[in-house]
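Notes follow once the structure below has been shown.
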Amino acid sequence: MTLFIFTGPTLSIREGEKLLDAVFLPPATQGDVYRAASQKPAAIGIIDGYFERVPSVSHKEILWAMAEGVHVLGAASMGALRAAELSRFGMQGVGAIYEAYASGELEADDEVAVAHAMAEEGYRPLSEAMVNIRATLRAAEEAGVIPGASCVRLEEIAKQFFYADRCYPVLLQRAAQEVSLVEYLDPLRAFLVYGRVDQKRLDALALLETMSKPCFASTPMKVRYAFERTDAWEHIREQADRRSREPSFSSMEK
């Protein structure tokens, strides 16, 4: 059973390879899911994907992949977003972050966005995702470290930052300017040493667990829609095929 999984800052490729027999690929860009599906895997998992400097993985290529009989699952980051948007067409979402988007509790893309290092450094995250900050602050509230009102206010402060600037030191520094929060910051700082929640990573691990099930190999994906070959789709496909022919473009068969 062949599986392709796009990941990066949420779960390193090296760690993923230790947990599941699959082909782990860098964060997805537009056309990558089409290229992966063209190789007829049993399933494709999307965890991480680019969204700012290059075109994001498109809804159309995911729909095409599923119409070709390939299961497509998403979790944690870009995958959770696309799964919430395409669940009614058959894309399977996994994890708490997907559930929050699917229910409407979360709507903004920046909730899962992070800045990260280049491939040479394993796409190491350089900022903290808002969903992780929320999960951590709520864990601190449940542990009695901060009261509910302070949890809400700290979430509001974190949300004001540009996604690439979000991190706990900056959050604590900004929170120190508010009298109502000052007395809780030292206990919170101590809690962060052992109680920090990486919800994105937890959801990525849940995706790997889901994809390890043999049902994907035995039952091809079946959809209830007819895939429409629009001009926009043909453009995506042609661009992806062109990239595949470039000598510098890394092969998915590695």
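Read in order, the letters of the sequence shown are residues 83 to 336 in the numbering used here. All C-beta atoms, glycine included, are put in the ideal place defined by N, C-alpha and C.
For residue i, the residue or residues it bridges with in DSSP
i      : result
VAL154 : ILE126
VAL176 : ALA157
ALA110 : GLY131
VAL105 : PHE86
HIS198 : PRO207
Beta-carbon proximity of residue i to residue j, cut-off 8 Å
i      : j      : result
LEU155 : GLY127 : yes
GLY98  : LEU290 : yes
ASN337 : GLN281 : Outside the displayed range of the chain (83 to 336) lies residue 337, so it cannot be described from this structure.
VAL152 : MET293 : no
ALA124 : PHE298 : yes
TYR250 : GLU224 : no
VAL212 : ARG164 : Reading the sequence as shown, one finds Met at residue 212 and not Val. No. Outside cutoff.
ALA184 : ALA166 : yes
LEU93  : ARG216 : no
LEU107 : PHE86  : yes
ALA195 : TYR245 : yes
ILE318 : GLU143 : yes
GLY172 : VAL305 : yes
PHE243 : VAL234 : no
ALA314 : ARG117 : no
LEU274 : ILE228 : no
ARG311 : GLY113 : no
LEU236 : ALA257 : yes
MET160 : GLY186 : no
Extent of the continuous alpha helix (DSSP H) to which residue i belongs
i      : result
PHE244 : Taken as a continuous stretch (DSSP letters only), PHE244 belongs to no alpha helix (DSSP H), as it is neither H nor E.
LEU270 : 261 to 277
ARG283 : 281 to 293
LEU219 : 212 to 224
ARG325 : 313 to 326
LYS142 : 141 to 149
PHE298 : 297 to 300
Residue i CB to nearest heavy atom of the ligand MN below 7 Å
i      : result
ILE128 : Questions concerning the ligand MN fall outside what the structure shown contains, since it holds no ligand whatsoever.
Span of the beta strand (DSSP E), counted from its first residue to its last, around residue i
i     : result
LEU85 : 85 to 88
Rounded Cβ spacing between residue i and residue j (contact assumed at less than 8 Å)
i      : j      : result
TYR205 : PRO137 : TYR205 to PRO137, Cβ: 18 Å. No contact.
ALA141 : LEU168 : Rather than Ala, the amino acid found at residue 141 in this sequence is His. Indeed they touch by this definition, with Cβ atoms about 6 Å apart.
ILE179 : ALA190 : Not quite, the Cβ-Cβ distance comes to about 12 Å (not below 8 Å), so this is no contact.
ALA222 : GLY277 : 6 Å
ALA147 : ALA119 : 4 Å
VAL279 : THR218 : 5 Å
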